[in-house]
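Trainee: Have a look at this one.
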Amino acid sequence: MNIYKTYINGEWIGKEHNYDILNPNTLTVLGKVPCLGVEEIDKAFTAADEAFNSWKKTSLSFRISLMEKWVVELSKAKLEIATMMNNEIAKSLKDALSEVNRTIDYIKYTIEEMKRIQPKVYNGKAWGVENKYAIFNRVPLGVVLAISPFNYPINLSVAKIAPALIAGNTVVFKSSTQGTISAILMSKTIEKAGFPKGVFNMVTGRGRDIGDSLISNPHIKMISFTGSTEIGKTIASKNSMKPLVLEMGGKDPAIVLEDADLKSAAIKIAKGAFSFNGQRCTAVKRVLVSDKIADALITELLEIISNYKVGYATDENNFITPLISQGSANFVSDLIKDAKEQGAKVLIGNKFVRNLAWPTLIDNVTKNMKIYYEEPFGPVLPIIRFSTIKEAISIANDSSYGLQASVFTTNINKAMDIAHKIESGSVNINSAPQRGPDHLPFLGIKDSGFGVQGIADSIDSMTTLKGIVINYDENN
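For the sequence shown, my numbering gives the first residue as 1315, with consecutive numbering after it.
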């Protein structure tokens, strides 16, 4: 069994006190990771704060050269990292490799995006003020705290780290507990790229043990977080005067109208709902379908779902793999049980072997059921029937979440009208919700988040404008 170290101020450090990372495929211990205390966390932030003084003064070309070396090192390590993800979060090797490759492309695009950020120049003539010019540059904020989730431990970590570093910030990085080993392997590629000590630091520990000391450190100048709504709200309540980007949960609806191409819609909805076992904030969490075509859509969905292979992530033939923990499986099971007791009909699934959950489709879901409102983060898809488009919009908006939504129809006029009325960060027409392409703005409203991600938007969120106003006398 491997005992891993974490990376602070250019050194790999360990602790006598470690915690176990379980393999979701076997529920056995995969490795041990240091449980840091307040002293080590303070050391990470102090190192980042001190390094910022020199890092912010480096040229963009120098920072780009290190980012390019990072791309090389990450490319070398991608099979090792993907294999660890396969064991640590039960993501298929194919999907894990795809995530690392996507992350490599993310860094490359971040480099190109930063090259295109230029100063803005203004004059005062529009206001009748002569002899005045103003130059506004984007400048780094300082120490960025980056907190990432388990489901995309490489991509969603680098999506915070890369924009921060390229813009001249320093980083203290905390991964989700499950996913920490994969993130450590990624962090090793940053070290090998040659970033100066203190510019990048990684802290480890269970959120419940180190969360308060982590998010309240006085050196923090900005926080970028992806995770649960509960934790996101805690961060917001304790950092009201610091810039925040919070990406939280979702209850993403897919609205299917009578004129939709049902076969195409079913394929996209099923994939959108069950990819990586529904453990995605952008997964389809509920299907809102016209009662006139509901039975036909269900027939299409059942044909697809019944062919999904279920088993361990080590077998590439399996589409449905174990959930991240036994607790997650229990939560999904309880939601299904509650729906059944309240009159819903389970059409397929509702089978569990430890943390392995079979894909489940539930019909006749109504608002008295927990699954109507709660995000399952598992392979269960509720069907909610509607009779009018107005009703469908009302159901879609009857949620504390507002991340993404989908509308399936062949009538672009209806699609655009519905899209404008749905309360969410974005609406996909004839496609399942999705995060990418990664250069697009990504955001949620209500309990789904605050602030905007996407490469250019992430750079903006981690910098601020600084102006130099030149007043001159043209007579001299």
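C-beta: ideal position from N, C-alpha, C; glycine also.
Let me confirm a value: Asn1793 is counted as buried when at least 16 other C-beta atoms fall within 10 Å, else exposed. Which label applies?
Mentor: One cannot answer for residue 1793 here, as it falls past the ends of the chain, which runs 1315 to 1790.
Trainee: Report all residues from its chain with a CB closer than 6 Å to the CB of Ala1574; omit the five preceding and five following residues, and keep chain order.
Mentor: Residue 1574 sits at position 260 when you count from the first residue of the sequence shown. So the qualifying residues of the chain are Phe1722 and Thr1723.
Trainee: Output the distance between the C-alpha atoms of Ile1795 and Val1486, rounded to the nearest integer angstrom.
Mentor: Beyond the ends of the chain as shown, which are 1315 and 1790, falls residue 1795; an answer cannot be given.
Trainee: Quick one: what's got a C-beta closer than 7 Å to Asp1761's C-beta in the same chain, skipping five residues either side?
Mentor: Residue mapping note: residue 1761 aligns to position 447 of the sequence shown, counting from 1. Thr1543, Met1562, Gly1563, Ser1714 and Tyr1715, listed in sequence order.
Trainee: Note down the Cα distance separating Leu1661 from Glu1737, rounded to an integer number of angstroms.
Mentor: Here residue 1661 corresponds to residue number 347 of the sequence shown, with the count starting at 1. Here residue 1737 corresponds to residue number 423 of the sequence shown, with the count starting at 1. Taking the straight line joining both Cα atoms gives about 30 Å.
Trainee: For a test of the three-state rule: what should DSSP assign to Glu1325, helix, strand or coil?
Mentor: Taking the first residue of the sequence shown as 1, we reach residue 1325 at position 11. For Glu1325, the three-state secondary structure derived from DSSP is strand.
Trainee: Name the DSSP bridge partner or partners of Gln1767?
Mentor: Taking the sequence shown and counting its residues from 1, one reaches residue 1767 at position 453. Phe1756, per the DSSP bridge assignment.
Trainee: Measure the alpha-carbon distance for Gly1546 versus Met1555 and round it to whole angstroms.
Mentor: If you number the sequence shown from 1, residue 1546 lands on position 232. If you number the sequence shown from 1, residue 1555 lands on position 241. Between Gly1546 and Met1555, the C-alpha separation is close to 15 Å.
Trainee: Quick one: what does DSSP say Val1352 is sitting in, helix, strand or coil?
Mentor: The sequence position of residue 1352 within the sequence shown is 38, counting from 1. Three-state result, Val1352: helix.
Trainee: Who are the Cβ neighbours of Ala1610 in its own chain at under 8 Å, not counting the five residues just before and after it?
Mentor: Here residue 1610 refers to the residue found at position 296 when the sequence shown is read from its first residue. If we look at Ala1610 and ignore the five residues flanking it on each side, its Cβ neighbours are Leu1576.
Trainee: Quick one: residues in its chain with C-beta nearer than 7 Å to the C-beta of Asn1744, no 5 flanking neighbours on either side, listed in chain order?
Mentor: On the sequence shown, position 430 is the one that residue 1744 refers to. If we look at Asn1744 and ignore the five residues flanking it on each side, its Cβ neighbours are Phe1722.
Trainee: Just confirm the distance between the C-beta atoms of Leu1350 and Thr1320, as a whole number of angstroms; I'd bet it's less than 8 Å.
Mentor: Against the sequence shown, residue 1350 aligns to sequence position 36. Against the sequence shown, residue 1320 aligns to sequence position 6. Here Leu1350 really is in contact with Thr1320; their C-beta atoms are around 7 Å apart, less than 8 Å.
Trainee: Given this structure, state the Cα-to-Cα distance separating Leu1393 from Leu1411, to the nearest angstrom.
Mentor: Position 79 of the sequence shown holds residue 1393. Position 97 of the sequence shown holds residue 1411. Leu1393 and Leu1411: Cα-Cα distance of roughly 7 Å.
Trainee: Can you tell me whether Asp1605 is buried or exposed? The criterion is at least 16 other CB atoms within 10 Å of its CB, across all chains shown.
Mentor: The residue given as residue 1605 occupies position 291 in the sequence shown. Result: exposed.
Trainee: Among the candidates Ser1389, Thr1484 and Glu1402, whose CA atom is the shortest distance from the CA of Ile1335?
Mentor: One-based indexing of the sequence shown puts residue 1335 at position 21. Checked all of Ser1389, Thr1484 and Glu1402; the closest Cα to Ile1335 is Glu1402.
Trainee: Within the same chain, show all residues whose beta-carbon is closer than 6 Å to that of Pro1557, passing over the 5 residues directly before and after it, in chain order.
Mentor: To locate residue 1557, count along the sequence shown from 1; it is residue 243. Here the set comprises Met1536.
Trainee: Keeping to the same chain, check which residues put their C-beta closer than 8 Å to that of Ala1481; ignore five residues upstream and five downstream.
Mentor: As a working note, residue 1481 is residue 167 in the sequence shown. Taken in chain order, the residues that qualify are Met1428, Arg1452, Pro1454, Ile1773, Met1776 and Thr1777.
Trainee: Can you tell me which of the three DSSP states Asp1761 falls into?
Mentor: Along the sequence shown, read from residue 1 onward, the residue named residue 1761 stands at position 447. In the structure shown, Asp1761 sits in coil (DSSP, three-state: anything other than H, G, I, E or B).
Trainee: Hey, how far is the Cα of Ser1530 from the Cα of Thr1596?
Mentor: In the sequence shown, counting from the first residue as 1, residue 1530 sits at position 216. In the sequence shown, counting from the first residue as 1, residue 1596 sits at position 282. So the alpha carbons of these two residues sit roughly 29 Å apart.
Trainee: Can you give me the C-alpha to C-alpha distance between Lys1552 and Pro1532, rounded to a whole angstrom?
Mentor: In the sequence shown, residue 1552 corresponds to position 238, counting from 1. In the sequence shown, residue 1532 corresponds to position 218, counting from 1. Taking the straight line joining both Cα atoms gives about 11 Å.
Trainee: Drop a sphere of 10 angstroms on the beta-carbon of Gln1718, count the other beta-carbons inside from all chains shown, and report buried for 16 or more, exposed for fewer.
Mentor: The residue given as residue 1718 occupies position 404 in the sequence shown. Counting Cβ neighbours within 10 Å, Gln1718 comes out buried, since at least 16 surround it.
Trainee: If Pro1696 sits next to Ile1685, beta carbons under 8 Å apart, how far is it from one beta carbon to the other, in whole angstroms?
Mentor: Residue numbering aside, residue 1696 sits at position 382 when the sequence shown is read from its first letter. Residue numbering aside, residue 1685 sits at position 371 when the sequence shown is read from its first letter. Right, their Cβ atoms sit about 5 Å apart.
Trainee: By how many angstroms is the C-alpha of Lys1623 removed from the C-alpha of Ala1587?
Mentor: Locating residue 1587 in the sequence shown gives position 273, counting from the first residue. Locating residue 1623 in the sequence shown gives position 309, counting from the first residue. Roughly 15 Å separates the two Cα atoms.
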